[in-house]
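K.L.:
Please read through the structure below; I'll follow up with questions.
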Amino acid sequence: MSDPPTVASFLALLQAFAPHFTAPSYQTFLTIACGWVLALGRHTITAVVRAAGAVGHKHIRTFHRFFSKSPWQLDALGLTLVSLLDALIPNDQPLVVAIDDTLGRHTGKKIAAASMHRDPLLSTRTKTLFHWGHVWVVLGITVHAFGKTWCLPVLFRLYRSKKRCQAERRPYRRCTELAAELVAILASALPHRSIVVLGDAAYANSSLIQGRAPTVTFIGRSRLDAALYAPAPPRRPGQMGRPRVRGQRLPSPKAQAAAADARWQRIEVNVYGRLATVQVLIIDALWYAVAGSEPMRLIVVRGFPGHERDDVLVCTDPSMSPVQIIEGYCKRWSLEVAFHETKGKLGFEQPQNRTERAVERTAPFALLLYSLVVLWYVQSGHKLRAARPKAMPWYSAKVAPAFSDMLATLRRASWAERLFEPHGKDATFKKRIEPLLACLDAAA
Numbered sequence: 027m028s029d030p031p032t033v034a035s036f037l038a039l040l041q042a043f044a045p046h047f048t049a050p051s052y053q054t055f056l057t058i059a060c061g062w063v064l065a066l067g068r069h070t071i072t073a074v075v076r077a078a079g080a081v082g083h084k085h086i087r088t089f090h091r092f093f094s095k096s097p098w099q100l101d102a103l104g105l106t107l108v109s110l111l112d113a114l115i116p117n118d119q120p121l122v123v124a125i126d127d128t129l130g131r132h133t134g135k136k137i138a139a140a141s142m143h144r145d146p147l148l149s150t151r152t153k154t155l156f157h158w159g160h161v162w163v164v165l166g167i168t169v170h171a172f173g174k175t176w177c178l179p180v181l182f183r184l185y186r187s188k189k190r191c192q193a194e195r196r197p198y199r200r201c202t203e204l205a206a207e208l209v210a211i212l213a214s215a216l217p218h219r220s221i222v223v224l225g226d227a228a229y230a231n232s233s234l235i236q237g238r239a240p241t242v243t244f245i246g247r248s249r250l251d252a253a254l255y256a257p258a259p260p261r262r263p264g265q266m267g268r269p270r271v272r273g274q275r276l277p278s279p280k281a282q283a284a285a286a287d288a289r290w291q292r293i294e295v296n297v298y299g300r301l302a303t304v305q306v307l308i309i310d311a312l313w314y315a316v317a318g319s320e321p322m323r324l325i326v327v328r329g330f331p332g333h334e335r336d337d338v339l340v341c342t343d344p345s346m347s348p349v350q351i352i353e354g355y356c357k358r359w360s361l362e363v364a365f366h367e368t369k370g371k372l373g374f375e376q377p378q379n380r381t382e383r384a385v386e387r388t389a390p391f392a393l394l395l396y397s398l399v400v401l402w403y404v405q406s407g408h409k410l411r412a413a414r415p416k417a418m419p420w421y422s423a424k425v426a427p428a429f430s431d432m433l434a435t436l437r438r439a440s441w442a443e444r445l446f447e448p449h450g451k452d453a454t455f456k457k458r459i460e461p462l463l464a465c466l467d468a469a470a
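Numbering-wise, the sequence shown is residues 27 to 470 according to our numbering.
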């Protein structure tokens, strides 16, 4: 690359990943990362190379081999990003992470590890629809910036269906088991941090809760019909036999909420950025099927915005207040926003890679770039002149930037630096503007 493809501050952020590559692979990494955020059309590898202005600098196969054969490790890149994000969060605050899975739709039967999966966007309560593609289990770290909660994906695992595993003669692992592995990796990398893991009902099970690291607390969604028990009674002197692991059976959360003497409390919580008044019922008990003999705190929530019926949240730390549990769980939604933005703005589903190793790396690469764009904007991008575009009359009340604003700022700053602060003579202007023209041509 004759000229830096993106603004210098973004290139400086990417330098943190240099130790994980050889010198030639690092230059390929820079080209792909910069071209990915600059590309305006489809995010195929060839389109990314065109957006970076690197056509002819290397053979196109070099950029495909970066994903299919280069020896770099995706977890190593993710943990480097974890260290960058860890520096942003005060040491006296827990690290709040969200975990969930998302479907990457693809077509073609020759794509490695692809199979039919339930499509959550097209399915309804009465009709389930399926789509061919990949399911990714993703762990993201939440940060608070510009009055909003952002979830920045850092660690990833590709889920393979049971039928696919049988065909490939590999052990089958559920999404929850993959999620537990990601949480264990994060806890091992940050032993000094207390970690709060947020998950929906699909992840509130024994895979994540039992056997987790001592520094990890789980907040998730429980069931109204959960089988609850009292703690095991103390052992009597001289009592024979195996110690009890649980006490007597307690009414389910639904039954306790319907009781005439239920002790409801009215509290005010911040739900998805808005204050709301809800009623809560606190239940401290054992959810034995999920957590064994570990005490849990369940919160039955009535009047939850967007929920027609009572909902139940669960936390492995009985000392946490209902406000902390509810507001913590609401931060999980920021990971869904990250999925939406990465698919819409960074082409999460668009690369055409087919081989095993390339499939395992390409889609997560787009999620890593989502995190890097947000991190860049938080660190330095918001200070640039490019971060203050002309105000639109229909956004008069807008106070916080969206991801599209951050990405647009990075693109504006990159092209402004490349075109208006040239590193050579005026005769090179045509050469510097060629990648921009190529991007506009690809977007047409």
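Don't be surprised by glycine CBs; every beta carbon is placed ideally from N, CA and C.
Hey, Gly61 and Pro31 are a contact pair by Cβ (cut 8 Å); roughly how many whole angstroms apart?
P.N.:
7 Å
K.L.:
Is the beta carbon of Leu37 closer than 8 Å to that of Leu64?
P.N.:
no
K.L.:
Which word fits Phe156, buried or exposed, when buried means at least 16 other C-beta atoms lie within 10 angstroms of its C-beta?
P.N.:
Phe156 comes out exposed.
K.L.:
Buried or exposed for Lys424, going by 16 or more other Cβ atoms inside 10 Å?
P.N.:
exposed
K.L.:
For the putative contact between Ala412 and Thr435, defined by C-beta atoms under 8 Å, what is the C-beta separation to the nearest angstrom?
P.N.:
About 5 Å separates the two Cβ atoms, so the contact holds.
K.L.:
Please check the pair Trp158 and Ala389, which I expect to be a contact at CB under 8 Å, by giving their CB distance rounded to whole angstroms.
P.N.:
About 14 Å separates the two Cβ atoms, so there is no contact after all.
K.L.:
Answer yes if the stretch 278-288 comes into contact with the stretch 372-392, meaning at least three C-beta pairs across the two stretches below 8 Å, and no otherwise.
P.N.:
no
K.L.:
Can the beta-carbon of Tyr298 be found less than 8 Å from the beta-carbon of Arg272?
P.N.:
no
K.L.:
Alpha carbon to alpha carbon, how far is Asp112 from Ala470? Give it in angstroms, no decimals.
P.N.:
The predicted model places Ala470 with a pLDDT of 41, which falls under 50 and marks its position as unreliable, so this point remains unresolved.
K.L.:
Taking 8 Å as the threshold, find out whether the stretch 315-329 comes into contact with the stretch 115-126 through three or more Cβ pairs.
P.N.:
no
K.L.:
Can you find at least 3 beta carbon pairs, one from the stretch 235-252 and one from the stretch 340-356, that sit closer than 8 Å?
P.N.:
By the criterion of at least three beta-carbon pairs nearer than 8 Å, the stretch 235-252 is in contact with the stretch 340-356.
K.L.:
Which of helix, strand or coil does DSSP assign to Asp310?
P.N.:
strand
K.L.:
If you run the structure through DSSP and keep just helix, strand and coil, what is Thr9?
P.N.:
The question about residue 9 has no answer, for the chain in this structure spans 27 to 470.
K.L.:
How long is the line joining the alpha carbons of Gly373 and Ala302, rounded to whole angstroms?
P.N.:
Whole-angstrom Cα-Cα distance: 35 Å.
K.L.:
Can you tell me which residues form a DSSP beta bridge with Glu320?
P.N.:
Per DSSP, none; premise fails for Glu320.
K.L.:
Taking DSSP as the reference, what is the three-state secondary structure of Pro377?
P.N.:
coil
K.L.:
Between Thr70 and Ile86, which are expected to be in contact by the criterion C-beta below 8 Å, what is the C-beta distance as a whole number of angstroms?
P.N.:
About 11 Å separates the Cβ atoms of Thr70 and Ile86, ruling out a contact at the 8 Å cut-off.
K.L.:
For the alpha helix (DSSP H) containing Ala171, list its first residue and its last residue.
P.N.:
From DSSP, Ala171 is part of no alpha helix (DSSP H) but of the beta strand (DSSP E) over Phe156 to Ala171.
K.L.:
Output yes or no for whether 8 Å exceeds the beta carbon distance between Phe182 and Leu100.
P.N.:
yes
K.L.:
State the Cα-Cα distance for the pair Leu147 and Ser35, rounded to the nearest angstrom.
P.N.:
37 Å
K.L.:
If you follow the alpha helix (DSSP H) that Thr106 is in, where does it begin and where does it stop?
P.N.:
Leu100 to Asp112
K.L.:
Starting from Trp420 and walking both ways along the alpha helix (DSSP H), at which residues does that stretch end?
P.N.:
Trp420 -> no alpha helix (DSSP H), and no H or E assigned at all.
K.L.:
Considering only the alpha carbon of each residue, which of Leu445, Val400, Gly264 and Pro348 lies closest to Gln305?
P.N.:
Pro348
K.L.:
Would Tyr421 be called buried (16 or more neighbouring beta carbons within 10 Å of its own) or exposed?
P.N.:
exposed
K.L.:
Mind checking who Met142 pairs with in its DSSP beta bridge?
P.N.:
Trp158
K.L.:
Following the continuous alpha helix (DSSP H) through Leu234, name the residue where it begins and the one where it ends.
P.N.:
Ser232 to Ile235
K.L.:
With DSSP run on the structure shown, which of helix, strand or coil describes Gln305?
P.N.:
strand
K.L.:
Is the Cβ-Cβ distance between Ala59 and Leu395 less than 8 Å?
P.N.:
yes
K.L.:
Considering just the uninterrupted stretch of the alpha helix (DSSP H) at Pro50, what are its terminal residues?
P.N.:
Ala49 to Leu64
K.L.:
Which one of Met142, Ala384 and Trp402 has the shortest CA to CA distance from Phe93?
P.N.:
Ala384
K.L.:
Rounded to whole angstroms, how far is the Cβ of Leu110 from the Cβ of Ala42, which I believe are closer than 8 Å?
P.N.:
That belief holds up - the Cβ atoms of Leu110 and Ala42 are roughly 6 Å apart, short of 8 Å.
K.L.:
Which residue's Cα is closest to the Cα of Thr168: Val363, Lys369, Ala392 and Met432?
P.N.:
Val363
K.L.:
Using the Cα positions of Gly450 and Ala77, report the straight-line distance between them to the nearest angstrom.
P.N.:
In this prediction, Gly450 scores a pLDDT of 45, lower than 50, which makes its location untrustworthy; the coordinate-derived value is nonetheless stated afterwards. Distance between the alpha carbons of Gly450 and Ala77 is about 21 Å.
K.L.:
Around the C-beta of Ala476, are 16 or more other C-beta atoms found within 10 angstroms, so that it is buried, or is it exposed?
P.N.:
Residue 476 lies beyond the stretch modelled for the chain, which goes from 27 to 470, so this question has no answer here.
K.L.:
What are the residues that DSSP puts in a beta bridge with Val338?
P.N.:
Val326
K.L.:
Write down the C-beta distance between Arg358 and Leu234 rounded to the nearest angstrom, noting that I regard them as a contact closer than 8 Å.
P.N.:
About 13 Å; that fails the 8 Å criterion.
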